[in-house]
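Q: Below is the structure I would like to discuss, written out as structure tokens.
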Ligand SMILES: [Zn+2]
Ligand SMILES: [Zn+2]
């Protein structure tokens, strides 16, 4: 009997997943492959045992980033979702795709040979602004035409309207 403890999915909602255990050894990966795969300075990977990972909507597409590792993503909206070794015991979901990213804080870092030089100073970069705090009209236009799937499972997809 499985019991969902975390859920997540892609930006458009075509792919949704559930985790039946909390991730273990959540880690930041600065390696060059992860930088490219997520389009960011690093990936935050949340591993769970494969039987505890269930796709609950849609289908994950894969890019083999090497002969032994693959990157899962939504083919409809392009959101990177997972990293795993097909022969391995666990699968890592990417923290930003969780509905509650705060529940999977990193415990370790890898790939430091590729870590961007500005990483250490990131929290000291000036600016602590909410989204479009200086442009309420743009914020209204974005919010009123938001196509991002909400941070919870939904009964139907695609949403009406
Ligand atoms: Zn999608
Ligand atoms: Zn990596």
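Numbering (the numbering used here), first residue to last: 1 to 161. Note that beta-carbon positions come from the ideal geometry of N, C-alpha and C, so glycine has one too.
Please classify residue 80: does DSSP put it in a helix, a strand, or coil?
A: If DSSP states are grouped into helix, strand and coil, residue 80 belongs with the strands.
Q: So, using beta-carbon positions, are residue 63 and residue 73 closer together than 8 Å?
A: yes
Q: Is any heavy atom in ligand 1 found nearer than 7 Å to the beta carbon of residue 13?
A: yes
Q: Verify the contact flag: residue 74, CB atom, against every heavy atom of ligand 1, threshold strictly below 7 Å.
A: Yes.
Q: For ligand 2, is there a heavy atom less than 7 Å away from the beta-carbon of residue 133?
A: No, ligand 2 has no heavy atom inside 7 Å of this Cβ.
Q: Give the list of continuous beta strand (DSSP E) stretches no shorter than 3 residues that lie fully inside the region 36-121.
A: 43-49, 53-57, 61-64, 70-73, 80-84, 90-94 and 108-110
Q: Please state whether the Cβ-Cβ distance between residue 139 and residue 131 is less than 8 Å.
A: yes
Q: Mind listing, in chain order, the residues whose beta carbon lies closer than 6 Å to a non-hydrogen atom of ligand 4?
A: Of the ligands one can find in the structure shown, namely ligand 1 and ligand 2, none is ligand 4.
Q: Kindly indicate the opening and closing residues of the alpha helix (DSSP H) around residue 139.
A: 136-144
Q: With a threshold of 7 Å, establish whether the CB of residue 7 neighbours any heavy atom of ligand 1.
A: no
Q: Under DSSP, the beta strand (DSSP E) around residue 9 begins and ends at which residues?
A: 6-9
Q: Is the distance from the Cβ of residue 44 to the Cβ of residue 126 below 8 Å?
A: no
Q: Any heavy atom of ligand 1 closer than 7 Å to the beta-carbon of residue 97?
A: Residue 97: no, Cβ never under 7 Å from ligand 1.
Q: How would you call residue 32, buried or exposed, if buried means at least 16 neighbouring beta carbons within 10 angstroms?
A: It counts as exposed.
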